[in-house]
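Below is one structure; the comments refer to it alone.
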Amino acid sequence: MIVRRLCLLFLCLVLPSAALAGTSLWQVRDGDRVMYLGGTVHVLAAADYPLPEAFDRAYEQADRLVFETDMQAINSPAFQLQMMQRLTYNDGRSLKDELGARAYGALQAYSHKRGLPMAMLEQFRPAMVSLVIVMTELERLGINGTGVDEHFYRRARNDGKAVGQLETPQAQLAFIAGMGRGQEDALILNSLRDAEQVAEMMAGMKAAWRSGDLAQLAKLGLEPMRRDYPGLYKELLVKRNQAWLGKLERMLKNPDTELVLVGAMHLVGREGLLEQLRARGYKITQQ
């Protein structure tokens with residue numbers, strides 16, 4: 002579950018979808034070949050359903066659904082064990098050995114306020130601690146239910162539709178494990194700062210996701226990441242987008258119609274998938 006929650010800040014507001022000009026879903030066309038590319042929310046509140054109707058229409062037209070990674074594999078006990086091995090200390094060190102006094106003290110204060118055992122956090126590497134902070138705050142807001150990816154994965158399995166993925170679970174885990182490497186104090190301090198503003202941040206991010214407002218998504222999510230964590234921005238978004246582009250183009254050469262679902266930030270900005278595909282001559286239409 003933790004892996005699917007990495008891009009937790011791309012959430013949707015409960016707004017009447019019929020009143021919106023579009024949503025975070027685009028049709029990509031190459032002549033008579035069509036693919037749908039949707040920005041996803043990896044965790045939602047129950048009140049966030051139903052999803053915008055455009056997603057359901059694209060699902061009905063799709064022969065195959067493609068996700069970031071293997072949805073079945075990341076739920077397996079074997080992968081959960083792999084994840085814990087990568088994101089916890091197993092070399093005799095602890096979190097205290099990796100953080101400076103300011104970051105460690107701030108985390109202690111937060112753990113006391115939220116009732117999180119510091120002894121538990123001590124075992125986690127900074128990337129894992131950052132995820133725990135985000136998930137703790139989202140759960141306090143009741144945002145802990147099935148996300149867009151899981152919703153359509155279950156639906157595809159029930160309907161017997163083919164599914165695929167853009168990268169292996171191991172590749173996705175490697176990106177997560179590398180979050181904030183070399184900037185551990187900044188990662189924790191920024192996560193704690195964001196925790197204080199999570200409700201306000203969510204309102205803006207939710208509205209931008211549901212309406213497919215790329216400019217607002219860039220302002221609220223992409224630009225702060227690029228400014229505060231240029232290395233993470235490059236590894237998490239730019240490099241993965243480049244790796245996925247060839248796969249998306251190959252999909253457009255086969256007769257099937259795919260619905261590709263990826264985290265919303267992968268679609269945003271000059272180096273996002275939409276602009277990259279448009280630059281290669283494909284017709285992009287918001288749904």
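For the sequence shown, my numbering assigns the number 2 to the initial residue and increments by one for each residue that follows. Glycine is no exception: its CB is placed at the ideal position from the N, C-alpha and C atoms.
Q86 to Q28, Cα distance in whole Å?
39 Å
When the Cα atoms are used, what is the spatial distance from P225 to L66?
Cα to Cα, the separation comes out at about 31 Å.
If we count the other Cβ atoms within 10 Å of its Cβ and call it buried at 16 or more, is D98 buried or exposed?
It counts as exposed.
Where Q73 falls: helix, strand or coil (DSSP):
coil
Separation of D186 from H108, as counted between CA atoms:
The residue asked about is misnamed: residue 108 is Leu in this sequence, not His. Cα to Cα, L108 sits roughly 10 Å from D186.
Return the residue from the list R279, D31, L52 and Y60 that minimises the CA-CA distance to V164.
Y60
Nearest-angstrom Cα distance between L260 and A55?
12 Å
Can you tell me which residues form a DSSP beta bridge with Q287?
W27
Tell me F125's beta-bridge partners as DSSP assigns them.
Answer by DSSP bridge pairing, in chain order: T89.
Thinking just about the alpha-carbon of each residue, which of Q81, V130 and M203 is nearest to the one in P170?
Shortest Cα-Cα distance from P170 to any of Q81, V130 and M203 involves Q81.
Once DSSP output is grouped into helix, strand and coil, what is the label at A102?
helix
Who are the Cβ neighbours of M180 in its own chain at under 7 Å, not counting the five residues just before and after it?
Non-local beta-carbon contacts of M180 in its own chain, meaning distances under 7 Å to residues more than five positions away in sequence, involve A128, S131, L188 and L233 in chain order.
For G273, which option in M252, D257 and K240 has the closest C-alpha, if you only look at C-alpha atoms?
K240
Check whether the segment 115-127 and the segment 199-213 touch, using three or more Cβ-Cβ pairs below 8 Å as the test.
no
Where M84 falls, given that 16 or more other Cβ within 10 Å makes a residue buried
buried
Any idea what DSSP makes of R65, helix, strand or coil?
strand
Contact set for K220: own chain, Cβ-Cβ below 8 Å, skip 5 residues either direction
none
Is the distance from the Cβ of Q287 to the Cβ of G23 below 8 Å?
yes
Residue burial classification, Y50 (beta-carbon count within 10 angstroms, cutoff 16):
exposed
On the premise that G39 lies in contact with G264, defined as a C-beta separation below 8 Å, what is that separation, rounded to the nearest angstrom?
Incorrect: roughly 10 Å between the Cβ atoms, too far for contact.
Would you mind stating whether L96 and L122 have Cβ atoms separated by less than 8 Å?
yes
Identity of the residue in K162, R182, L246 and F153 nearest P53 by Cα
F153
Taking a contact to mean a Cβ-Cβ separation below 8 Å, would you say L249 touches H267 in this structure?
no
Let me check understanding here. Comparing Cα to Cα, which of D92, R271, E140 and R115 lies closest to A200?
E140
List the endpoints of the continuous beta strand (DSSP E) containing M36.
R34 to T41
Have a look at M203, L223, T258 and D160 and flag the residue whose alpha-carbon is nearest the alpha-carbon of I36.
Per the sequence shown, residue 36 should be read as Met rather than Ile. Of M203, L223, T258 and D160, the residue nearest in Cα terms is T258.
Residue from A157, Q73, L253 and D150 with nearest C-alpha to V42
D150
Taking only the alpha-carbon atoms, compute the straight-line gap between L100 and L142 and give it to the nearest angstrom.
28 Å
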